[in-house]
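Sequence lines, in order, name chains X and P. Residues in the first sequence are numbered from 437 upward in steps of one, following the numbering used here. Residues in the second sequence are numbered from 1322 upward in steps of one, following the numbering used here. The structure under discussion appears below in the form of structure tokens.
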Amino acid sequence: MHMHKFEKIWLIFGIGALVVFLSVVGVSAFYLGNKPPSCLTTIDPKKVDTEAPFDKPGLNKVEGKEWDYELVYVASAFFYNPGEVEVPLGAKVKVIATTKDVVHGFQVAGTNINMMLEPGYVNEIVTTFDKEGEYLVVCNEYCGTGHHLMSSKIKVVK
Amino acid sequence: MSSQTAKLKVDPRDGKLAMAHFYVAFIALALGGLMGLLQTLVRSGKFELPWGIDYYQILTVHGVLMGLVLTTFFIMGFQYAAVSRTAGTHSPAARRIGWIGFWVMTVGTIMAATMVLLKEASVLYTFYAPLKAHWIFYLGMTFVVVGSWLDGAAQIMTYAKWRKENPGKPSPLLSFMAVINTVLWIVATLGVASTVLFQLLPWSLGLVDTVDVLISRTLFWYFGHPLVYFWLLPAYMSWYAIVPKIIGGKIFSDSLARLSFILFLLFSIPVGFHHQLMEPGIDPAWKFLQVVLTFMVIIPSLMTAFSLFATFERFGRSKGATGLFGWFKVLPWNDARFTVPFIGMASFIPAGAGGIINASNQMNQVVHNTIWVTGHFHLTAATSVVLTFFGISYWLIPHLTGRKLTKAMNKLGIIQGWVWFIGMVFMSGAMHFQGLLGGPRRSAFSTYGDAAQAAEWIPYQIAQAVGGSILFLGIILMIIIFVNLAFFAPKGEEEFPVGEAENLEEKAPMIFENWKLWLGITAALILFAYTIPFIDMIQNAPPGSPGFKTWSSW
């Protein structure tokens, strides 16, 4: 099969760029640890309210871990519990969340905190809140009539 | 291409079946477009739906009609005609199977649509469990898929007949491409058929109590990404094999066109996890593997871009154009059959770039499930693909109905293309920007308790309503042209343009039609990308989920 010289150059350049790009993404994920949220922990969706840590939603100070706080959320149609929370500026926080019913999203608008909440699974993300202000948490996966009303608020305060 | 067996005119009996598909497709466009307009108006915050109609109900109608009905019916009609034109008239048996497929799809569409209108299935076109729709909705969707398999079987039969009658020869390019797309579709729909038949139907009928959410999502996305290539490849068929003929040029290379289609078949399916990057139940290593496989489709995309622009440039130079971009001026800009698909092609450059961002392991986190994604597929599917489909309609519909594309309709077609483009710049552009600020997708109007961040999104939502209104105007124009070409245009002959390769001595290698080989590699890649994660999902499954109905009823 014949291939034009310019096309060969074009493809070598394109595939080379692809290799570089994927290497960067791969190094970032597996060497620097910037992996997408994949908690791999399961839970009985009917027993969310009685199991730790979801029996105590909200901000909890922890000791002896890589992060200072755990921010626990329970999502259900069409609420997040807690509905509003204050986080100290600069705190390293592990956000842990699950859902009691259908699939919900958990997105802190204006940040990279973004994850899917699925019945039966716990999801989590570690982040540092290093900018003061009020952040809106929105559900970004359709969950029913009240989907656009489902939100929560994170206040990052000094 | 063998000119003895390839009739220049599509057999009227095949034309009738193709037209039947187009009637359904354009009805879907009209109704789905109206729903799209209403959505953008609601989301502007200045309009409320009357008579207790629910926003998420019309969102479901819009998604199902545009994403599943318009596309599947148009593609099957187009491919059925393209195979008939290039590989010869379909046999009576193939035609009968095609008609059965058409009716099965139509009945399925009516079943699903009825349940949505009754507010029994406001689950959007992704119908994610554990939202539980009425079983008739799922059964209707199954019929659409099974009907499309029958349609595809008719095309494969005619292709196989051509191969038998022409041993040792490469098949006509358009038929080859149609068969690749049909095979891709059949392999991909096995996923969605499995979740519907084995999980959602028994569950919605009450035969089982719970559903495994992660498995149903994984099976859905096994289908959901190749689905977008199933939309795109017919547009590529037109760009590779039809547009060169329309402008009076040649196909850059027949063999490279075939190779790129084979690469799309191989790399479009084992990649569904890149839609599930933000999900809790899948190991990051497997997610990354599928991200890598996803990026392989960039290679045939680059090949396609090269071929198309090489065709344009060579044509331009043959017309005496000089300089780096001189060829651009001599292209037939006053021909709707060229200009409209060209706008689609050009839109694919930013659209493809956005796709690379979405599929990227970590960048996805910024835009996942924001309205950026909606903006993205309104550039890819709703601009590149749909404008190319319109471009195809401008010659195919009169060809099939024995009418002429008049000067007036040609001009209206060009206006339609530009109206669409302008509408999409507003709507899709605003969606991309709002998404970067965190605005969620699939949401009705909300100020989120007068939150400051939500207030920043509203101007973009107003821009989307402006764009949506312009686009709806484009749909009205398209419907006018369709009705004219189908029923009122003057009788006459319109050409079915089929391009010829520049180098006719160079035959396509026969290895391209070695189906055992390509299907074998496809299966191996799918097994490689899915087997272990799938076993993992089953072994480590949480307790199943009962069904929920979280939307408002009548």
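Backbone N, C-alpha and C fix where the C-beta goes; we use that ideal spot for every residue, glycine too.
- In terms of Cβ geometry, S1764 of chain P and G1696 of chain P do not form a close pair [threshold 7 Å].
- When the alpha-carbon of K1608 of chain P is set against those of P:A1642, P:N1685, P:M1558, P:D1575, the nearest one is in P:N1685.
- If the five residues before and after F1817 of chain P are omitted, its C-beta is found closer than 6 Å to the C-beta atoms of R1406, H1720, all from its own chain and listed in chain order.
- Rounded to the nearest angstrom, the gap between the Cα atoms of L1825 of chain P and I1736 of chain P is 37 Å.
- It is roughly 53 Å from the alpha-carbon of A527 of chain X to the alpha-carbon of L1629 of chain P.
- When Cβ-Cβ separations below 7 Å define contact, L1598 of chain P makes contact with chain X.
- In the DSSP assignment, the residues bridged to Q543 of chain X are X:N550, X:V574.
- When the beta-carbon positions are compared, W1483 of chain P and A1408 of chain P come within less than 7 Å of each other.
- In this structure, P1451 of chain P sits near V1532 of chain P, with a CB-CB distance shorter than 7 Å.
- Taking the C-beta atoms as reference points, L1471 of chain P is found nearer than 7 Å to I1418 of chain P.
- A Cβ-Cβ contact shorter than 7 Å links A545 of chain X with V574 of chain X.
- In this structure, the CA atom of V1345 of chain P is about 7 Å from the CA atom of F1394 of chain P.
- Assignment of N1805 of chain P by DSSP, reduced to helix, strand and coil, places it in the helix class.
- Excluding residues up to 5 positions away in sequence, F1464, V1467, G1468, L1471 lie with their Cβ nearer than 7 Å to the Cβ of V1425 of chain P in the same chain.
- Residues of the same chain with a CB within less than 6 Å of the CB of M586 of chain X, apart from the 5 flanking positions on each side, are F514, C575 in chain order.
- By the Cβ neighbour-count rule, T1768 of chain P is exposed, with fewer than 16 other Cβ atoms within 10 Å of its own.
- For K1482 of chain P, the enclosing alpha helix (DSSP H) starts and ends at 1456–1486.
- In the DSSP assignment, E520 of chain X is bridged to X:K589.
- L468 of chain X is outside the set of residues whose beta carbon lies under 7 Å from a beta carbon in chain P.
- The DSSP-derived three-state label of E506 of chain X is strand.
- Two segments are said to touch when three or more pairs of C-beta atoms, one from each, lie closer than 8 Å; by this definition the region 1572–1586 of chain P does not touch the region 1522–1529 of chain P.
- For L1758 of chain P, the closest C-alpha among the options P:W1741, P:I1796, P:T1691, P:L1794 is that of P:T1691.
- Contact of N1685 of chain P with chain X by beta-carbon distance below 9 Å involves P472, N550.
- Take V484 of chain X, set aside five residues on each side of it, and the residues of its chain with a beta-carbon closer than 7 Å to its own are F490, V510, T534, K536, in chain order.
- Scanning the region 1661–1689 of chain P from its first residue to its last, the whole alpha helix (DSSP H) runs of 4-plus residues come out as 1685–1688.
- Residue contact with chain P for G546 of chain X: present (Cβ-Cβ distance below 7 Å to some residue of chain P).
- For A533 of chain X, the enclosing beta strand (DSSP E) begins and ends at 528–535.
- H584 of chain X and H1689 of chain P have their C-alpha atoms roughly 17 Å apart.
- For G500 of chain X, no Cβ of chain P is located within less than 7 Å of the residue's own Cβ.
- Less than 7 Å separates the beta-carbon of L572 of chain X from that of Q1774 of chain P.
- The Cβ-Cβ distance between A1442 of chain P and A1454 of chain P falls below 7 Å.
- Taking the CA atoms as reference points, A1556 of chain P sits about 20 Å from A1341 of chain P.
- For H1689 of chain P, a Cβ of chain X is located within less than 7 Å of the residue's own Cβ.
- In the three-state DSSP reduction, S1705 of chain P falls in the helix class (H, G or I).
- Residues are counted here when their Cβ sits less than 8 Å from a Cβ of chain X; for the region 1758–1771 of chain P these are L1758, G1759, G1760, P1761, R1762, R1763, S1764, A1765, F1766, S1767, Y1769, G1770, given in chain order.
- Boundaries cannot be given for I1563 of chain P, as no beta strand (DSSP E) includes it and DSSP labels it neither H nor E.
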